[in-house]
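Peer 1:
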Amino acid sequence: MRPSQLPEIRELMSRDYRADVRRLNELLNIRGDAGLEEIPPIPFTGDIDSMERGNCICLIGINPQFPALSREKPHRLEIGPTKETIARFHRGEEGAYQEFTDSRLGYFRGDMANWVHYGKLAEGY
């Protein structure tokens, strides 16, 4: 099975991420949501199906683009379409999940890539 098709990713994307954020904030005793309720989780960025053991890096981040709602390019090219695709998936539109997965696999080949963020992280690799 290709990594992008793992059932755990589908399960994560099926969840009510807004409720997850509220629970997390409650557990951590944090007021507000830091914008996390506004953007669905992004389980991977880039073509994880072409990873090679020992020749890849894993980066974990929380909302590196927030407050992207005030930044036109990330909102128009990535966040807005992602929110809509996940909303369609939650409404039962099966093809929307594959559309989301394909958008994440092609992230660095398309216009949505945030090279300001990822370019610095990739230096030296």
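The numbering of the sequence shown is my numbering, which starts it at 40 and goes up by one.
We put the CB at the ideal spot given by N, CA and C, even for glycine.
Please read these numbers as outputs of a predicted model, since none were measured by experiment.
#1: Straight-line CA distance for Asn94 to Asn64?
#2: Can you tell me whether Val60 is buried or exposed? The criterion is at least 16 other CB atoms within 10 Å of its CB, across all chains shown.
#3: Does DSSP classify Arg41 as helix, strand or coil?
#4: How far does the alpha helix (DSSP H) with Glu76 in it reach, from first residue to last?
#5: Straight-line CA distance for Ser89 to Gly145?
#6: Determine the burial state of Ile118: buried for a count of at least 16 other Cβ atoms within 10 Å of its Cβ, exposed for fewer.
#7: How many Å lie between Thr140 and Trp154 at the Cα?
#8: Pull up the distance between the alpha-carbon of Lys159 and that of Ala152, whole angstroms please.
Peer 2: In short:
#1: 35 Å
#2: buried
#3: coil
#4: Unbroken run through Glu76: none, as it is neither H nor E.
#5: 12 Å
#6: buried
#7: 20 Å
#8: 13 Å
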